[in-house]
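Going by the working numbering, the sequence shown opens with residue 8, and the numbers climb by one from there.
We put the CB at the ideal spot given by N, CA and C, even for glycine.
Computed from a predicted model, the values in this text were never measured in an experiment.
Below is one structure; the comments refer to it alone.
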Amino acid sequence: MGLLSANAIKAALASGDIKIDPHPREEQFDSDAVDVHLGSTIYKWRSLEGGATITIPLWRPKGTPGAFSHKDFAKEHCPIVPPDADGIVTLRPQTFYLADLHEHTTLSPNIAMHIEGKSSLARLGVGVHVTAPHAHAGWYGRLTLEIFNYGPFNIELKPRVPIGQLYFWRVEDPIVTSEVKIHQFTGQARATGE
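In structure tokens form, the structure reads like this:
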């Protein structure tokens with residue numbers, strides 16, 4: 008159908024079609040979006056020593072021998088970026104990070120969602136998603152932020168800083184709950200897929 012207004016988002020929150028935990032405060036609502044915040048953990052792919060590389064066989068079907076498992080790979084190669092003594096993590100220029108969103112969302116089978124970054128970050132060269140802004144109808148979990156600092160500046164972030172906005176759509180002719188496809192990251196609590 009169409010993009011939900013703030014009033015329609017509030018109605019969907021009241022009816023349970025959308026669940027956001029913690030529940031958004033009034034100041035988080037824009038005319039057609041809800042502000043969301045950086046979670047407590049940021050990750051960065053580990054650089055390999057001596058210029059070594061890893062080949063990832065994405066062509067192998069899931070569940071077959073030698074198929075790539077994002078969760079297993081991330082456990083080994085995507086450590087947490089430790090914050091400094093003040094809880095600050097510095098995003099270095101031209102560097103890719105994964106981060107947890109603070110809010111946990113649950114969508115009914117008739118609601119889909121996108122996340123977009125804040126323009127204040129974008130104007131400094133920081134993007135919060137690389138290619139995956141969409142959460143399908145029926146999805147639940149904590150969205151992963153795919154952060155890239157395209158700019159020339161070091162950017163300091165702390166947990167719970169405003170990082171993006173959620174936009175919601177009502178889906179035409181929605182499927183029934185029992186037909187909702189469970190994707191590999193549905194229900195995740197961490198950016199590593201766990």
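Just how far apart, CA to CA, sit residue i and residue j?
{"i": "P86", "j": "G94", "result": "17 angstroms"}
{"i": "D42", "j": "I61", "result": "37 angstroms"}
{"i": "A13", "j": "G57", "result": "51 angstroms"}
{"i": "Y157", "j": "S115", "result": "35 angstroms"}
{"i": "A92", "j": "A81", "result": "26 angstroms"}
{"i": "E153", "j": "K26", "result": "22 angstroms"}
{"i": "L73", "j": "P64", "result": "The question names Leu, yet the displayed sequence has Gly at residue 73. Taking the straight line joining both Cα atoms gives about 8 angstroms."}
{"i": "H109", "j": "G70", "result": "31 angstroms"}
{"i": "W66", "j": "S76", "result": "12 angstroms"}
{"i": "I170", "j": "G124", "result": "6 angstroms"}
{"i": "D107", "j": "I162", "result": "17 angstroms"}
{"i": "R99", "j": "S47", "result": "18 angstroms"}
Closest by CA to residue i, which one among the options?
{"i": "D24", "options": "I154, P169, W146, G158", "result": "W146"}
{"i": "L131", "options": "T112, P159, I170, P72", "result": "P159"}
{"i": "G9", "options": "L105, A40, R167", "result": "A40"}
{"i": "Q35", "options": "W176, D180, R167", "result": "R167"}
{"i": "H121", "options": "E83, S22, T151", "result": "T151"}
For residue i, count the other beta carbons within 10 Å of its own beta carbon; 16 or more makes it buried, fewer makes it exposed. Which is it?
{"i": "K51", "result": "buried"}
{"i": "L173", "result": "buried"}
{"i": "A59", "result": "exposed"}
{"i": "H141", "result": "exposed"}
{"i": "L55", "result": "exposed"}
{"i": "A18", "result": "exposed"}
{"i": "V135", "result": "buried"}
{"i": "D180", "result": "exposed"}
{"i": "V137", "result": "exposed"}
By Cβ distance below 6 angstroms, which residues in the same chain neighbour residue i in space, the five residues on each side in sequence not counted?
{"i": "V88", "result": "I49, K51, V96"}
{"i": "T102", "result": "N156"}
{"i": "H111", "result": "D28, R149"}
{"i": "Q191", "result": "Note that Q191 scores 49 on pLDDT, short of 50, meaning its location in the model is unreliable; the coordinates nonetheless yield the value given after this. Closer than 6 angstroms at Cβ, skipping near neighbours: no residue."}
{"i": "K165", "result": "G94, I95"}
{"i": "L11", "result": "F175"}
{"i": "A133", "result": "Correcting the residue identity first, residue 133 is Val in this sequence and not Ala. Correct list, in chain order: N156, I162."}
In chain order, what residues of the same chain lie with their CB nearer than 8 angstroms to the CB of residue i, ignoring the 5 residues before and after it?
{"i": "H30", "result": "L20"}
{"i": "H44", "result": "L108, H109, E110, P166, R167, V168, P169, I170"}
What residues in its chain sit with their C-beta under 7 angstroms from that of residue i, if we drop five residues either side in the sequence?
{"i": "T113", "result": "K26, Y147"}
{"i": "V178", "result": "N117, I118, A119, A144"}
{"i": "P90", "result": "V96"}
What are the uninterrupted segments assigned as alpha helix (DSSP H) that are 4 or more residues long and contained completely in the segment 128 to 162, given in chain order?
none
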